[in-house]
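2 protein chains.
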Amino acid sequence: MAETAASKGDAATPRERYRSQVRTEIKERAWEQIATAGASALSLNAIARQMGMSGPALYRYFAGRDDLITELIRDGYRSLADAFRAAADGGADLAGLADTLRHWALADPQRYFLLYGTPVPGYHAPPDTTAITGEIMAVILDACAALPAAAPDPEDGPGAGFDADLATNRAWAGDHPAPPRALRRALGFWTRLHGALSLELAGHFTGMGFDPALLYAAELDSLRSR
Amino acid sequence: MAETAASKGDAATPRERYRSQVRTEIKERAWEQIATAGASALSLNAIARQMGMSGPALYRYFAGRDDLITELIRDGYRSLADAFRAAADGGADLAGLADTLRHWALADPQRYFLLYGTPVPGYHAPPDTTAITGEIMAVILDACAALPAAAPDPEDGPGAGFDADLATNRAWAGDHPAPPRALRRALGFWTRLHGALSLELAGHFTGMGFDPALLYAAELDSLRSR
DNA sequence: CTCGCTCGTTAGAAGTTATAACCCCTCGGG
DNA sequence: CCCGAGGGGTTATAACTTCTAACGAGCGAG
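Protein chains in written order, with our numbering: chain A, 36 to 261; chain B, 36 to 261.
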């Protein structure tokens with residue numbers, strides 16, 4: 036029964052080649068639909084119609100709507116991880132990573148929200164996506180460790196307490212040798228930029244007048260000192 | 036034809052009393068459904084079934100699904116604004132506001148995401164919700180203005196550039212007399228806490244080990260200095 | 001007391017996801 | 001070269017959804 040194979044990259048048999056080709060076309064249509072109408076409006080029927088085939092044919096390629104979305108989420112993380120890695124390989128520092136993140140998000144806001152937006156209560160990410168997020172976090176941690184050390188903050192402030200927590204709970208950083216302070220900066224990179232970016236993408240700043248890019252830059256700069 | 040009235044609070048005629056009573060019960064069921072299955076799974080039919088009446092009867096009370104959701108969003112903002120105002124009236128400072136925000140969000144994560152989560156591409160908030168968000172922002176601005184002034188940051192840094200932008204584009208703050216630095220802190224309060232909170236609520240921290248409350252506290256503390 | 005309006009009903013159209021059954025044709029092993 | 005197994009696509013169907021239309025019954029205002 037031929038190896039289950041499946042790596043879409045190289046296809047041994049012509050059947051598998053055709054199969055993976057159709058799969059990627061389905062996903063392309065899905066991305067178009069998500070970009071214009073959001074993930075909640077993604078319709079398998081509409082995709083099939085666009086591809087000139089009718090309804091249930093798609094179930095040969097994806098187990099269902101959820102399965103397709105899961106695949107799209109995986110591809111989304113993969114895309115972001117690749118962008119980060121390419122930037123890092125190009126010599127980007129933390130500011131460069133912030134830039135690539137913003138451009139990556141602005142290029143397709145709904146893709147960003149598919150990864151970091153409202154969660155579906157029932158949904159649980161498949162274990163292999165956490166591997167990709169770990170890859171992303173590793174790049175951020177590298178950039179944070181390369182930054183000059185920040186001024187120490189008060190001995191008994193909330194920052195110190197959080198550092199102590201991070202000193203013991205650092206499994207999420209893999210075996211990265213960054214000090215707790217760098218771990219905290221990496222988390223700050225994530226949460227602060229996500230805060231500014233997601234509110235901008237969601238349109239909560241429209242009509243307020245100020246430049247979201249400046250706010251983003253200021254938030255990024257805030258990581259330098261703390 | 037009796038005044039259009041409608042203020043659900045006091046009902047003149049028994050008909051209007053009954054009507055607003057049914058409306059609020061519909062919204063209660065809707066909130067339950069949203070809390071358990073998310074806003075995208077909200078079903079008018081299911082609500083009608085739960086209330087013992089069949090399908091299209093709900094269209095007497097709401098123009099459609101979107102209209103109901105819009106109403107829920109309005110109520111959500113109203114709820115948050117009331118919580119903030121109550122905290123401020125109780126003498127809460129910026130840290131107190133952060134606490135009420137976190138508890139309000141943790142009490143019903145899907146309600147938080149309904150307001151600040153993934154936006155629906157077509158949807159535009161009705162103008163009266165911006166009035167409520169302005170009310171919320173006013174409370175935050177008051178707390179920010181009451182805080183001791185932070186240390187000045189570098190003359191030509193991103194912070195200074197953003198302050199200059201805020202000095203001219205401050206219409207969103209209404210006629211609040213806060214200096215640009217306080218405006219920036221208010222935006223930081225919003226974006227940084229939203230960043231930490233939304234990622235926590237979305238479950239992106241689960242399995243990472245550290246305590247999200249400590250991260251939240253550290254982010255709040257970061258506003259003191261910058 | 002009566003007429004009108006509101007409320008709730010059922011029926012139906014146009015969507016959706018998803019399963020089942022069927023058919024054709026390609027592809028690969030003999 | 002041939003032929004059968006299975007992959008790919010089809011239609012039919014079920015069970016949903018939102019939402020419109022037409023109809024009946026009862027409450028309440030005048």
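All C-beta atoms, glycine included, are put in the ideal place defined by N, C-alpha and C.
With a 10 Å radius around the Cβ and a threshold of 16 neighbouring Cβ atoms, D256(B) comes out buried. Within the same chain, Cβ atoms closer than 7 angstroms to the Cβ of D177(B) are found at A123, the five residues on either side in sequence being excluded. For the pair L141(A) and A118(A), the Cα-to-Cα distance works out to about 13 angstroms. With fewer than 16 other Cβ atoms inside 10 Å of its own Cβ, A184(A) counts as exposed. Taking a C-beta distance under 9 angstroms as the contact criterion, W66(A) and D163(A) do not qualify as a contact pair. Contacts between S89(B) and chain A, judged by CB atoms closer than 7 angstroms, are missing: the closest CB pair is about 26 angstroms apart. For D200(B), the residues of chain A that pass the 7 angstroms Cβ criterion are F245, D246, L249, in the order they occur in the chain.
Closest in C-alpha terms to E254(B), from the list T241(A), A221(A), L236(A), Y151(A), comes A221(A). In chain order, R54, V57, R58, I61 place their CB closer than 8 angstroms to the CB of Y96(A), counting only its own chain and leaving out the 5 sequence neighbours on each side. Counting along the chain, D110(A) sits inside the alpha helix (DSSP H) bounded by residues 100 to 124. Under the DSSP assignment, V174(A) falls in the alpha helix (DSSP H) whose first and last residues are 162 to 181. Our two residues, D110(B) and I82(B), have alpha carbons roughly 18 angstroms apart in a direct line. S233(B) sits away from G126(B), with the two beta carbons spaced by 9 angstroms or more. Look at H159(A) here: in three-state DSSP terms it is coil, with no helix or strand label. Straight-line spacing of the CA atoms in A206(B) and M243(A) works out to 7 angstroms. If you check the CB distance, P215(B) and A231(B) do not come in under 9 angstroms.
Assigned with DSSP and collapsed to three states, R259(A) falls in helix.
From the beta-carbon of G73(A), the residues of chain B found nearer than 9 angstroms are T153, P154, V155, P156, G157.
Annotated three-state conformation of Y94(B) is helix, per DSSP.
Residues of the same chain with a CB within less than 7 angstroms of the CB of G131(B), apart from the 5 flanking positions on each side, are A122 in chain order. Between I175(B) and W225(B), the C-beta spacing is below 9 angstroms. Residue-level contact check: W225(B) touches chain A, since one or more beta carbons of chain A fall below 9 angstroms from its beta carbon. Where W66(B) is concerned, the enclosing alpha helix (DSSP H) starts and stops at 49 to 72. Contact note: N204(A) reaches chain B through M243, G244, F245, D246, using a C-beta cutoff of 9 angstroms and chain order. Taking D101(A) as reference, the option from L250(A), A186(A), A199(A), G157(A) with the minimal CA-CA separation is G157(A). Contact with chain A is found for R219(B), since one of that chain's Cβ atoms lies less than 9 angstroms from the residue's Cβ.
Annotation for Y112(B): L150, T164, I167, T168, I171 place their beta carbon closer than 8 angstroms to its own, counting only its chain and skipping 5 residues before and after. DSSP, reduced to helix, strand and coil, places L77(A) outside both helices and strands of the structure shown, so it counts as coil. Residues of chain A whose Cβ lies closer than 8 angstroms to the Cβ of E254(B) are, in chain order, G223, T226, R227.
For E235(A), the uninterrupted alpha helix (DSSP H) segment begins and ends at 215 to 236.
Chain A has no Cβ within less than 9 angstroms of the Cβ of H138(B). Under the Cβ criterion of 9 angstroms, T164(A) is not counted among the residues facing chain B. Sequence-distant Cβ neighbours of A116(B) in its own chain, meaning closer than 7 angstroms and more than five residues away, are I167, E170, I171. For G192(A), the C-beta contacts it makes with chain B under 7 angstroms involve D256, in order along the chain.
Residues of the same chain with a CB within less than 7 angstroms of the CB of R137(A), apart from the 5 flanking positions on each side, are L232, Y251 in chain order.
Under the three-state reduction of DSSP output, G196(A) falls in the helix class.
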